[in-house]
Every structure is written in C-alpha cells, then in structure tokens.
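Written below as structure tokens is the structure these notes are about.
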Ligand SMILES: *Cc1c(COP(=O)(O)O)cnc(C)c1O
C-alpha cells in the first residue's frame, strides 16, 4: 500500500483516536428505508422527532449522505479514558486450536460499564447537555445500557432516569447499585410512577415486567418532564454511528500491520456493536476494494435475520415508537424463558438489515449451550470472561478457525468482543451446573410473532 492510500491517516489523530465517526449509509447504494409514524404511516422528519430526541441526534438519525461526522472534542476527551480499545491477537487461542488462522479480537469491555455501550452513551449525554437539557430517560433490560448511560450522565452533570425491567432489578442488584453509584434514579418497571405502569400493574398484578413496558414508561416520563429527552442504546442509526469508533480503530490497527481481514464476526442484538465494527469494511466491500466475509451472529432462540421477515415493524412492544423497516420477528415476539444469553431484541438495526438484504453481510444463528461452551473455552485460554452476547461471536470465530485447521488456510479472522460477563454469572451458573438448555422457536411460534406486524399498504412481507 502506498503512503497516499493508507486510509487511517485521514481520520486518526496523533493519539490514535478517530476524529470522525463514519456513516456507512453515505456509501450504501440502497439506503435504509425512512422511519414512519406508527399511526399515520407517514415519513418522519426533523420536526416530528423533536419532542422525543435531542436535535443534534435527530440530524444524525436522518443523515444518509454525509460520510464523516466530526467527533466533538468533549466526547474525544472522554473517549481518551478508555480508547483506543485494544485489538488483541489471540496467540494462545490459535495455538490451542492448532489452527493456521490468525485470530484478532477488538475488546470493548475495558471500561467500568463493561461493554461498547459507553461509546454511544457519552455522545448522547453530550448532545443533551449541549442543548441545555436537564436530563434523559431510558429503559434497561439486563442493565448494560443503564450502566453506561449513568456513567455518561454523571460526567456531564445530567439527571438520568432509568426504568429497569423488574425481574432484572430484583435479580441483578449489583447492576442496579452501580447505576445508583453513578447518580442515576433507577425504578423497577412496571411502576406506580407512570400512567402506563399503573395500568399494567392493575391488569397484571405481580408481573415482572418487560422491555416493551419499560420503554413505554421511559417515554411517558420524558413527555411529562420539562427539559428531558428519551435516549436508547441500540438499533437506531445514530447509535451505530457512534459505535464506528470500534471499526475505525480496528481498520487502522490492522492497516498498521498490513493485515487484511478475510472474515469479520460480530454478535447482533439490535446491531450496534456489529454495525460499528464492520462499517469501514462494509464501505470497502461496497466499493469493491475488499473481498471479505462479514458475519452477524444471533441466538437461535431469537433469530431475526435468519428467520425473520424484512418489513416495517414497531421498535417496541408498546407500539409507540416509530416504525422501522428491518428484519423482525414481530414486536410481540418474546424469546423463551430459558434463554439466558442476551440479544433478545425482536428486530435488527435498519442499516444492518439493509446490508444483509443486499448481501454485503451474512448471518448465522447459534444455540446458547454452544455459545457458553465457546465462552468457557475462551475464558480458560485468553483469560477474559466474556459477556454471553459477545460469546456468540466467539462461537463463530472458533468454528471458522477450526475450518481453517481442516483446510490449512491461514485466514485472518477478526471478531468483536463487545463486553465482559461479570454480571451474568447466573447464566454461567446454569451452564456450569449443566441445567442450561436450548429452545429453538417453532415455525408456529414465529408465525404468532409475525401476526402482530403493522398492516398497511406497501408493507409487504
Ligand atoms: C447490549 C450488548 C450487546 C447487544 O447490542 P448490540 O446493539 O447488538 O451491539 C452485545 N454485547 C454486549 C456486551 C452488550 O452489552
């Protein structure tokens, strides 16, 4: 590669932190479909979204033409505390597997929140602060997003109200206390503090809550409070944008050592860490400059890409958020109760969905017992105790490395290790005790979820 062609010099500063995020939509031939109003089915514009999101974030959400968005200095200053994150060559793993493949992983668990979610949390908190807002509301399921957001809000002096699904609130007291330590106000959902919460409690006394209900409570709270906006930690295109620091750093680190990836793997729940990791590589693939396999890995118990349909759907169970065109299992789909491995979202980011639809990326689903086998294997060899979500990517990276052992190919395999699993020891316990099982939804299960898709002209599936 000649000096002039090295791409990382364009957007890396002296301390190896990107100076811009990269929006892959600018280079996509088929853009993701626009967001629609859930009631009128009309395209949503800037003014329509102002009551819910910060102005600057709406601009990012609606952008499809500008490839590079400058990262404000204040955000870069925060990133400097934990970025660039390490891109690690898994020498021990390669040796143990006896594979000729070279395995690299980009580790996002090196911050207190323990995952990549802080990359977007800090950006969202910054834009809220800059707009002069008092605080933000959000929901959290397992708690990673709530933790990241509380850290970001405390840094910028913003109030943070988190609605945490009641069963997690009770089962994961340590997550809750981390959030409270950073100053967040954590309410178990459903709660008595909102109309929708009171209604659900009256209808289903003793319910342990759901993400859909927590979203509804967070949005209602935001609407009734002056100076607040609602924020979320995945799925939206703005979140994928902020996560591209992962991919840009990976690209520059690989380029430094003249490594060209053959396979890039990431786990996909709502698609944000995957979208961030692959963005620059998807760009090069679209432009015909890179020939590599990009694999999204999802749980077999929640298989939106591999078994869902590509259609407009609600982003939440409460059906109040905008409609997004995506691969979906239907907003009413709930993975079976024995599923402990995360990545439970019914849909997939619009950007990831379109890239998959256009064949730029492929998708694979894996069973949770095989995921935890991979997690345990990885922990014992590489030392890091991975998040169950991230372990989906480990599973496929191992499978591909084993294939290389059989074919003798020395492929470069890069995977995203999105976080650590210290708050998921209940799931590890089930695996260690041998009580973990797999459930793969039947076609009838999926049909039921899909029956709840919005019916309107043009929404064919
Ligand atoms: C939230 C989370 C995910 C899934 O979210 P995406 O938006 O699909 O990235 C994956 N890994 C970890 C560690 C998470 O906390």
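Numbering (the working numbering), first residue to last: 90 to 550. C-beta atoms are modelled at their ideal positions from N, C-alpha and C, and glycine is treated no differently. Only a predicted model underlies this, so the values are computations on that prediction, with no experimental measurement involved.
- Taking C-alpha positions only, residue 423 is separated from residue 196 by approximately 29 Å.
- The alpha-carbon of residue 488 is positioned some 31 Å away from that of residue 414.
- By the beta-carbon neighbour count (other beta carbons within 10 angstroms, threshold 16), residue 143 is buried.
- In this structure, the beta-carbon distance from residue 251 to residue 273 falls below 8 Å.
- For residue 250, the enclosing beta strand (DSSP E) starts and ends at 248-254.
- Proximity of the stretch 357-373 to the stretch 110-130 meets the contact definition, three or more beta-carbon pairs being nearer than 8 Å.
- Between the alpha carbons of residue 435 and residue 301 lies a distance of about 11 Å.
- Taking C-alpha positions only, residue 132 is separated from residue 441 by approximately 20 Å.
- Residue burial is scored here from C-beta neighbours: residue 426 has fewer than 16 other C-beta atoms within 10 angstroms and is therefore classed as exposed.
- Taking the CA atoms as reference points, residue 309 sits about 25 Å from residue 244.
- Within the same chain, and ignoring the five residues on either side of residue 222 in sequence, the residues whose Cβ sits closer than 8 Å to its Cβ are 143, 247, 316, 317 and 318.
- Using a C-beta cut-off of 8 Å, the stretch 255-269 makes no contact with the stretch 333-349, since fewer than three inter-stretch Cβ pairs fall below that distance.
- DSSP places residue 415 outside any alpha helix (DSSP H); the residue lies instead in the beta strand (DSSP E), whose first and last residues are 412-417.
- Per DSSP, residue 195 is not a residue of any alpha helix (DSSP H); the beta strand (DSSP E) it occupies stretches across 191-196.
- Around the CB of residue 544, fewer than 16 other CB atoms lie within 10 Å, so the residue is classed as exposed.
- For ligand 1, no non-hydrogen atom lies closer than 7 Å to the CB of residue 149.
- Taking 8 Å as the cut-off, the Cβ atoms of residue 476 and residue 527 do not count as close.
- When distances are taken from the beta-carbon of residue 362 to the heavy atoms of ligand 1, the shortest one is below 7 Å.
- For residue 464, the CB contacts under 6 Å within the same chain, skipping 5 residues up- and downstream, are 475 and 480 in chain order.
- The closest CA to that of residue 531, considering only 361, 392, 239 and 366, is found on 392.
- Residues of the same chain with a CB within less than 6 Å of the CB of residue 410, apart from the 5 flanking positions on each side, are 404 in chain order.
- Look at residue 476: its beta carbon is less than 7 Å from one of the heavy atoms in ligand 1.
- Unbroken beta strand (DSSP E) stretches of 3 residues or longer found wholly inside the stretch 212-285: 224-229, 248-254 and 274-278, given in chain order.
- The Cβ atoms of residue 384 and residue 335 lie no closer than 8 Å to each other.
- Nearest neighbour of residue 175 by Cα position, chosen from 323, 162 and 504, turns out to be 504.
- If you compare the alpha carbons of 459, 140 and 180 with that of residue 471, the shortest gap goes to 180.
- The alpha-carbon separation between residue 323 and residue 291 amounts to approximately 30 Å.
- For the set 305, 397 and 448, the Cα lying nearest the Cα of residue 288 is the one of 305.
- Around the CB of residue 389, 16 or more other CB atoms lie within 10 Å, so the residue is classed as buried.
- In terms of side-chain proximity, the C-beta atom of residue 323 is found nearer than 7 Å to a non-hydrogen atom of ligand 1.
- In this structure residue 358 is not in contact with residue 421, their Cβ atoms being roughly 18 Å apart against a cut-off of 8 Å.
- The three-state reading of DSSP puts residue 370 in helix, counting H, G and I together.
- Residue 454 is positioned such that its CB atom lies no closer than 8 Å to that of residue 204.
- The DSSP-derived three-state label of residue 313 is helix.
- When C-alpha distances from residue 162 are compared across 198, 106, 155 and 375, the shortest belongs to 106.
- Taken atom to atom, the span from the alpha-carbon of residue 541 to that of residue 535 is near 11 Å.
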